[in-house]
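Presented below is the structure to which this report refers.
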Amino acid sequence: MQKITLAEAPAWIAAKAGRGGRVYVAGCSGQPTALFDAFRTRPDKAAGLIFHGIWIPGVNPLDWAGLHPAARGEATFASPDWQDSAAAGRLRIVPETYTASYVRLERAAADVAVAMVAPPDHKGDCSLGLAADFTPAAWMRACHRMLLINPQMPVPIDGPCLKLADADAVVEADHPLLTVGPVTLDSAFAAIAGHIRTLLRDGDTLQFGLGKVQLAMLANLSGLRDIRLHAGMVSDPLLPLLSQDVLADGPGAVTTGVALGSPALYDAVASDPRVRFRPVGYTHDIRTLAAIPRLIAINSVIEVDLFGQANAEFIGEKAVSGGGGLLDFLRGSRMSPGGLPIIALVSTARSGVLSRIVPRLMAPAITIPRCDVGLVVTEQGLADLRGLDEDARAMALISIADPAHRDSLSSAWKQMRRQ
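Under my numbering, the letters of the sequence shown match residues 26 to 444, in that order.
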């Protein structure tokens, strides 16, 4: 094991990876900002490297492929933050589910894997802290391993660790963690949460995607008891629940891969014995999800068409996101005894001008096939598509569209059925 400085880290990575070498760097709250800054002072060391990881649009703004004209990147999400590199042909997008990404990282050895961790304990274990999602898979088979020791990374009571002795290089990297500010809600999301609330009962396990639906739902759980959360990510809306009587008692009441939010959230989840961190190989695995009774999976999409298929990746023809864990959780909740696969969206965009329930998806690709869609919720109501034929599905979806668009949707459906 070699101890090096942060300034020396880019040269070490370049030497170990070699030209064309693949370098794994984490996303979410495990983002190694200090390493990126070190590369910015030595951009020549990024030349020829292929940086890859699961970076989240709107959360992880660092453009690793933009460090040098000869650097390359590989991601599973599209993002405006990386569009310059994508347009220049330096960034490629691999469309796949979180489970598929985890398996690929397990099987395809990176030349260098970089992990940001808390300082080692007395046994030499370094906690992955608030970002346990993908790094265990990449670390397992990497040819060379670098640990960035960050004293500001909290150590959860229950979460995975990496062995200090397994690292080839150790770097002290004391810097603030990535944080995300509060989100403002409008009334449409409160209405969506209200419709979903009617489906919930004591003892349910809830899964939310990141964003406004999660915020609205977590604010609408009062009166419920023994609720568990199982998610890829938790954020600040969890904070009030930790001090209420809504959550179940005991370890595992909250299972997550990542915490992403404020310093207050980070302190709270690290010190709460009910919260446990697990990698994607557990949180998104269909065997894990199918074994959870009454798993209610609630995730957002951009638009749904009258056939029931959904787009969560494109606005027009422009890619703005990726599928992530959507399909993993929808399919897992469908397998769960009593589980519910729910997708949610506001019924219109552009101040009501555009309907987000459309006759037929025109996006370049479909994120969720119609056979995987169960329940669809807008602020106008709830449509349960399970077991419905094509015409009944279309009518159910039209009923939860904005009233101003229902007639045109009905006419479009009749026209399509005549073809």
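Note that beta-carbon positions come from the ideal geometry of N, C-alpha and C, so glycine has one too. Just so we're clear, the structure is a prediction, and the values are computed from it rather than from any experiment.
DSSP links residue 375 through a beta bridge to no other residue.
Assigned with DSSP and collapsed to three states, residue 280 falls in strand. For residue 357, the enclosing alpha helix (DSSP H) covers residues 351-360. The Cβ atoms of residue 405 and residue 358 do not sit closer than 7 Å to each other. In the structure shown, the three-state DSSP call for residue 77 is strand.
Taking C-beta atoms as the reference points, residue 306 and residue 123 fail to come closer than 7 Å. Looking at the DSSP output, residue 188 shares a beta bridge with 150. Residue 396 counts as exposed, since fewer than 16 other C-beta atoms from the protein chains shown sit within 10 angstroms of its C-beta. Counting along the chain, the unbroken beta strand (DSSP E) around residue 323 starts and ends at 320-325. Secondary structure remark: continuous beta strand (DSSP E) runs of at least 3 residues inside the segment 185-248, in chain order: 186-188, 194-197 and 230-233.
Assignment of residue 335 by DSSP, reduced to helix, strand and coil, places it in the strand class.
DSSP, read as helix, strand or coil, puts residue 177 in coil.
The beta carbons of residue 198 and residue 74 sit no closer together than 7 Å. Taking each of 121, 130, 436 and 313 in turn and checking the Cα distance to residue 392, the smallest one comes out for 121. Per DSSP, residue 387 is not a residue of any beta strand (DSSP E), being assigned neither H nor E. The beta carbon of residue 102 sits closer than 8 Å to the beta carbons of 79, 80, 81, 82, 118, 346, 347 and 349 from its chain, once the five residues preceding and following it are set aside; these are given in chain order. Annotation: the continuous beta strand (DSSP E) that includes residue 118 extends over 116-118. Between residue 298 and residue 276, the CB-CB gap stays under 7 Å.
Rounded to the nearest angstrom, the gap between the Cα atoms of residue 413 and residue 422 is 11 Å. Counting the other CB atoms within 10 Å of its CB gives residue 161 a total of 16 or more, which places it among the buried residues.
Ranked by Cα distance from residue 368, the options 379, 228, 218 and 259 are led by 218. Residue state for residue 317 is assigned as coil, using DSSP reduced to three classes. The continuous alpha helix (DSSP H) containing residue 131 extends over residues 123-132. Judged by DSSP in its simplified three-state form, residue 403 adopts strand.
Along the length of the segment 405-442, whole alpha helix (DSSP H) runs at least 4 residues long occupy 415-424, reported in chain order. Look at residue 27 here: in three-state DSSP terms it is strand.
The DSSP-derived three-state label of residue 98 is strand. Counting only the Cα atoms, residue 181 lies some 14 Å from residue 285.
Judged by DSSP in its simplified three-state form, residue 257 adopts strand.
The same chain holds no residue with a CB closer than 7 Å to that of residue 420 once the five nearest residues on each side in sequence are set aside. Per the C-alpha coordinates, the member of 316, 289 and 415 positioned closest to residue 155 is 289.
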